[in-house]
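Asker: In the working numbering, the protein residues as written are 5 to 104.
A virtual CB, placed ideally from N, CA and C, is assigned to each residue, including glycine.
Here's a structure for you.
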Amino acid sequence: MSRRNIPEEFKAEAVQLVVSKGYSYSQACEALGVGDTALRRWVARWREEQAKPPRTAIEIETDARRIRELEAKVADLERERDILKKSTAFFVKEMDRFSK
5 MSRRNIPEEF KAEAVQLVVS KGYSYSQACE ALGVGDTALR RWVARWREEQ AKPPRTAIEI
65 ETDARRIREL EAKVADLERE RDILKKSTAF FVKEMDRFSK
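Structure below.
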């Protein structure tokens, strides 16, 4: 049996049947045509997400700052790489010129 790619919206609705509307797992599975294991996994994942404390503005700003730093570093490394590529090509041409 191949794995189906089930949309997140469908999973969220399935979870709400169990969590909010009082369906049992077997009732929800039968109504939606999904397996018990999959539905239990979706509900467990939803409960884990609900248990996480919301991120604070400080955490978000710290992450954003780190992303900006990493993007700047990537840009610097790309410039260095481009310079090295050009210099390598230049020196290869020079070596070819002197070897002839």
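Return the chain-ordered ranges of every alpha helix (DSSP H) run that is complete within the region 23-62 and spans a minimum of 4 residues.
Answerer: Those alpha helix (DSSP H) runs which fall completely within the region 23-62 and span 4+ residues are 29-36 and 40-55.
Asker: Please report the straight-line C-alpha distance between E52 and V38, rounded to a whole angstrom.
Answerer: Looking up residue 52 in the sequence shown gives position 48. Looking up residue 38 in the sequence shown gives position 34. Roughly 21 Å between the two C-alpha positions.
Asker: Please return the same chain residues whose Cβ sits closer than 6 Å to the Cβ of L36, not counting the five positions on each side in sequence.
Answerer: On the sequence shown, position 32 is the one that residue 36 refers to. Cβ neighbours of L36 beyond the five flanking positions: A18.
Asker: So for I10, helix, strand or coil by DSSP?
Answerer: Position 6 of the sequence shown, counting from 1, holds the residue named residue 10. In this structure, I10 counts as coil in the three-state DSSP scheme.
Asker: So Y29 and D40 are supposed to be a Cβ contact under 8 Å. How far apart are they, rounded?
Answerer: Within the sequence shown, the letter at position 25 stands for residue 29. Within the sequence shown, the letter at position 36 stands for residue 40. That belief holds up - the Cβ atoms of Y29 and D40 are roughly 6 Å apart, short of 8 Å.
Asker: Assuming L43 contacts A32 (C-beta within less than 8 Å), just tell me the rounded distance between them.
Answerer: To locate residue 43, count along the sequence shown from 1; it is residue 39. To locate residue 32, count along the sequence shown from 1; it is residue 28. With a Cβ gap of about 6 Å, L43 and A32 count as contacting.
Asker: Rounded to the nearest angstrom, what separates P57 and E82 at their Cα positions?
Answerer: By 1-based counting over the sequence shown, the position of residue 57 is 53. By 1-based counting over the sequence shown, the position of residue 82 is 78. The alpha-carbon atoms of P57 and E82 are separated by roughly 38 Å.
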